[in-house]
Amino acid sequence: MDELVFPREFTRVARWRADRSAVVDHGTGTRTSFAEHHTRVARLCGALHDRLGLRPGDRFSALRSSLPELETVVHAVVELSTGADLDADAVSSMRPGRCRGTSSRRPWSCGVTRCPSRRRARSAKRRLREQWEETR
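Have a look at this one:
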């Protein structure tokens, strides 16, 4: 498959169901519509591309708890067609259609880094986790 179908389908659904809820934060009760989520994804894509220089084929590493913002990050990275290395704890705590609020046990976001290789991505994740541990 040369091209990801997701960006086209997501754009189509965002237009068709613009006022419907795309992301629901069950911790705070906050709802984000498809139109608003699509706008956030587009803005984040622009920022990742323009500010960080993220390009297709680059490795992207993010330490993130299962918050509504994770949906935006994942969709933006997929739209840019880059490989996403998400923190294993964040992925394992994700539930389909649910996001925990900031009152969750580990509401942290240590940062984002651009890494050209898996080894450097793992190293960056380790450094970010150590920084987070120091702030606890």
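Heads up: the sequence shown begins at 1 in full-length UniProt numbering, then just goes up one per residue. Note that CB positions come from ideal geometry on N, CA and C, so glycine has one too.
field: Residue of R129, E69, H75 and H37 minimising C-alpha distance to A18
entry: H37
field: T28 (DSSP reduced to helix, strand or coil)
entry: coil
field: Beta-carbon proximity of S21 to R12, cut-off 9 Å
entry: no
task: Taking E79 and V23 to be in contact with their CB atoms under 8 Å, please state how far apart those CB atoms are, rounded to whole angstroms.
output: Wrong, their Cβ atoms sit about 15 Å apart, outside the cutoff.
query: With respect to 8 Å, is the separation between the Cβ of C45 and the closest non-hydrogen atom of the ligand ZN below this value?
result: This structure lacks the ligand ZN; in fact it carries no ligand of any kind.
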